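In our numbering, the protein residues as written are 7 to 274. From the three backbone atoms N, C-alpha and C, an ideal C-beta is built for every residue, glycine too. Model, not experiment: these values are computed from the prediction.
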Amino acid sequence: MNDVLLIDVDGPIATLTLNRPDKLNAISYELADALSAALDHLEARSDVRVVILTGAGDRAFCAGADIPQFAKSIELGREAAVQDFVRRGQRLTGQIEALRTPVIVAVNGLAYGGGCEITEAAPIALAASEAVFAKPEVLLGMPPTFGGTQRLARQAGRKRSLELLLTGESFGAERALEMGLVNAVVPRSELFEAVRDLATRIAAQEPEAVAAILTATTRGINVPIDEGLRMEREAFAQLVGSRALREGLGRWIDAHPARERRQGRTGS
Ligand code: COA
Numbered sequence: 007m008n009d010v011l012l013i014d015v016d017g018p019i020a021t022l023t024l025n026r027p028d029k030l031n032a033i034s035y036e037l038a039d040a041l042s043a044a045l046d047h048l049e050a051r052s053d054v055r056v057v058i059l060t061g062a063g064d065r066a067f068c069a070g071a072d073i074p075q076f077a078k079s080i081e082l083g084r085e086a087a088v089q090d091f092v093r094r095g096q097r098l099t100g101q102i103e104a105l106r107t108p109v110i111v112a113v114n115g116l117a118y119g120g121g122c123e124i125t126e127a128a129p130i131a132l133a134a135s136e137a138v139f140a141k142p143e144v145l146l147g148m149p150p151t152f153g154g155t156q157r158l159a160r161q162a163g164r165k166r167s168l169e170l171l172l173t174g175e176s177f178g179a180e181r182a183l184e185m186g187l188v189n190a191v192v193p194r195s196e197l198f199e200a201v202r203d204l205a206t207r208i209a210a211q212e213p214e215a216v217a218a219i220l221t222a223t224t225r226g227i228n229v230p231i232d233e234g235l236r237m238e239r240e241a242f243a244q245l246v247g248s249r250a251l252r253e254g255l256g257r258w259i260d261a262h263p264a265r266e267r268r269q270g271r272t273g274s
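Written as structure tokens, this is what we have:
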């Protein structure tokens with residue numbers, strides 16, 4: 007695997023590290039493709055139950071798309087710009103959002119542009135208290151292109167998102183928490199322990215149940231509730247007859263013998 011992306015699998019937890027620290031882990035096309043391929047690969051592995059995504063170095067999670075590179079695509083014209091840059095980025099964030107294996111983003115530093123959009127797309131994110139976020143595309147004369155005009159407004163509300171989108175001003179981890187962009191904020195020195203702890207708690211659950219919950223919740227947000235409830239029924243129906251559900255119910259029932267059975271036992 008290319009070293010713009012580091013991959014480490016430790017038991018059920020895989021860690022992907024964006025590894026261009028001298029460029030604040032900006033996402034080049036090469037890095038986007040490597041990340042996309044790694045996510046495909048990890049999703050197909052039954053031993054991997056959670057994917058952690060973070061950035062190398064002590065400054066940044068990710069400073070967004072690689073500006074000089076996508077500027078060249080823009081010079082080639084509309085078709086190349088949309089195909090090489092926008093579609094590639096939207097595919098990547100869509101993949102992170104929809105992966106059947108949960109992705110936890112560990113925002114270890116700057117999360118600008120695409121770094122913020124990856125955080126928006128991920129099902130769970132934890133941030134270091136030192137992390138700084140921004141939606142700076144407006145300063146480049148463009149809208150965000152990796153889902154940044156869509157997901158934050160759905161998560162945090164239109165007006166709060168537009169203030170950040172229209173000014174490009176940076177904001178801190180506490181604001182990100184208050185907006186629902188991250189689940190928790192912890193000191194940087196404790197970030198990886200906190201992320202690993204959460205990953206371990208999720209990895210202990212039945213992967214089929216985790217995937218069903220993830221898919222129904224993530225897809226359900228974007229459709230009318232009747233359609234979301236249909237997805238929920240489907241997600242449940244898929245599990246009927248599965249070992250996961252049989253064993254899960256069996257564990258609870260074994261641990262809670264019915265009153266009649268308990269009384270029968272003591273009475274006999
Ligand atoms: N694409 C490509 N390279 C980037 C980058 C990006 N998005 N963001 C930072 N880098 C590179 C810089 O060019 C510099 O490389 P160099 O040392 O080879 O010149 C290195 O990362 C460090 O960045 P620098 O700008 O010197 O750090 P800083 O602390 O002064 O500023 C930022 C940090 C994040 C404010 C600034 O780098 C920035 O504005 N980055 C772009 C953010 C952005 O607009 N992202 C959205 C793109 S759509």
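{"Check": "Backbone secondary structure at F67 - three-state DSSP", "Outcome": "strand"}
{"Check": "Buried/exposed call for P150, threshold 16 Cβ in 10 Å", "Outcome": "buried"}
{"Check": "Distance cut-off 7 angstroms: P213 Cβ against heavy atoms of the ligand COA", "Outcome": "no"}
{"Check": "Distance cut-off 7 angstroms: D72 Cβ against heavy atoms of the ligand COA", "Outcome": "yes"}
{"Check": "Burial state of D72 (16 or more Cβ within 10 Å)", "Outcome": "buried"}
{"Check": "R166 versus E253: straight-line alpha-carbon distance, rounded", "Outcome": "44 angstroms"}
{"Check": "Within 8 angstroms, strictly: CB atoms of G121 and C68", "Outcome": "yes"}
{"Check": "Three-state secondary structure (DSSP) of V15", "Outcome": "strand"}
{"Check": "Continuous alpha helix (DSSP H) stretch holding F76: start and end", "Outcome": "73-81"}
{"Check": "Buried or exposed by the 16-neighbour rule on C-beta atoms within 10 Å, applied to R268", "Outcome": "exposed"}
{"Check": "N31 classed as buried or exposed, judged by whether at least 16 other C-beta atoms fall within 10 angstroms", "Outcome": "buried"}
{"Check": "Beta bridge counterpart(s) of I208 as assigned by DSSP", "Outcome": "Paired residues: none, contrary to the question."}
{"Check": "Collapsed DSSP secondary structure at G178 in the structure displayed", "Outcome": "strand"}
{"Check": "Residue nearest to V92 in terms of C-alpha spacing, selected from S79, E169, R265", "Outcome": "S79"}
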